[in-house]
Amino acid sequence: MLLIGSVFLLLSFIGLGKKAYVKLEKKALKKEKEQLNAIDQKLKNHFVLYKPEIIKKRLRILILVGFLMSLITQSWIYALIAFILYIYLPFAWVYWIEKRRFRAFQIQLLQFFPFISSVLRAGHTIEKAIDQSCKNAKPPLSQEMDLVQKQMHIGQSFDQALYSLYQRMPDKNLKMALSAIDISRKTGSNLAEAIDYIATTIHEKEKLKSELKALTSQGRMQAWVTGCMPFVLVAGLEVISPGYLSPLFQTTQGKLAIVYCFVSLLLGIFWIYKLVNKEYL
Numbered sequence: 008m009l010l011i012g013s014v015f016l017l018l019s020f021i022g023l024g025k026k027a028y029v030k031l032e033k034k035a036l037k038k039e040k041e042q043l044n045a046i047d048q049k050l051k052n053h054f055v056l057y058k059p060e061i062i063k064k065r066l067r068i069l070i071l072v073g074f075l076m077s078l079i080t081q082s083w084i085y086a087l088i089a090f091i092l093y094i095y096l097p098f099a100w101v102y103w104i105e106k107r108r109f110r111a112f113q114i115q116l117l118q119f120f121p122f123i124s125s126v127l128r129a130g131h132t133i134e135k136a137i138d139q140s141c142k143n144a145k146p147p148l149s150q151e152m153d154l155v156q157k158q159m160h161i162g163q164s165f166d167q168a169l170y171s172l173y174q175r176m177p178d179k180n181l182k183m184a185l186s187a188i189d190i191s192r193k194t195g196s197n198l199a200e201a202i203d204y205i206a207t208t209i210h211e212k213e214k215l216k217s218e219l220k221a222l223t224s225q226g227r228m229q230a231w232v233t234g235c236m237p238f239v240l241v242a243g244l245e246v247i248s249p250g251y252l253s254p255l256f257q258t259t260q261g262k263l264a265i266v267y268c269f270v271s272l273l274l275g276i277f278w279i280y281k282l283v284n285k286e287y288l
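Residues in the sequence shown are numbered consecutively from 8, following the working numbering.
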């Protein structure tokens, strides 16, 4: 009877473990699906026709490589790094696409407003000027202006379409220009002159930003050097003299020193970043 009871208890534990595993698997699959949908929506918003499932499938190679490296070296760190990259690398890639596209849009605005002004001076409407910009501009500006036109064709007002544009591309210069266009349309003032003034203002702001960036470039380089130097030195010492830094990783005092140095390093990088990345404009 005792043997039968033990077997029954073991089977019960196995059943509970299986149910817990199935539940966790469903939860993980649901979470991954939500992440894929979020990535897919962001890619569509930026006119990137690329399936996130393909990205995930290719990144699964990282999991395999990390697992194999962990088996070879008897260290779990490689599997952990591979797992972290598998989770966060797609989001980092989407963020990089967003930043690159947004910066390209900002640069194109410098030529967009003078072009709009010249079309308005020729006697055309602002809607016609936007239509001409779609034909003459390159992506991403042409894509965004084409979307503005399509939104107006399906019944949205001009102001609503421009507001949607600002929601997709939250640029300060664009917001200033849209406010000027809205005020000029409501008051009946000269829209071409207003856009000319906006174009000149934006050009001067970008010029000043470039000068500030050049003046603070040394500080940014110092932040990079400060951040990378400790890791380069540790790697160099491990190659030149293996085991020299063992007390640093194996003793309590050494581990506390590592934590202190790492926190100090992060604080220093953060402080330098704040000093050289002020939003003056």
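Even for Gly, the Cβ is constructed at its ideal location relative to N, Cα and C.
By the beta-carbon neighbour count (other beta carbons within 10 angstroms, threshold 16), Arg-65 is exposed. When only Cα atoms are considered, Ala-184 and Thr-207 end up about 11 Å apart. Inclusion of Phe-120 and Ile-202 in the CB contact set at 7 Å is warranted, their separation being smaller than that value. If only uninterrupted alpha helix (DSSP H) runs of at least 4 residues are considered, those enclosed by the region 134-172 are 148-160. Excluding its 5 nearest sequence neighbours in each direction, Leu-96 has C-beta neighbours in its own chain below 7 Å: Leu-66, listed in chain order. The Cβ atoms of Gly-234 and Ile-276 lie closer than 7 Å to each other. Non-local beta-carbon contacts of Gln-158 in its own chain, meaning distances under 8 Å to residues more than five positions away in sequence, involve Gln-167, Ala-168, Ser-171 in chain order.
When secondary structure is reduced to three states using DSSP, Gln-81 falls in the coil class, being assigned neither helix nor strand. A Cβ-Cβ separation of about 6 Å places Tyr-93 in contact with Leu-69 under the 8 Å criterion. For the options Met-228, Ile-137, Ser-164, the alpha carbon positioned closest to that of Glu-151 is the one of Ile-137. When secondary structure is reduced to three states using DSSP, His-131 falls in the coil class, being assigned neither helix nor strand.
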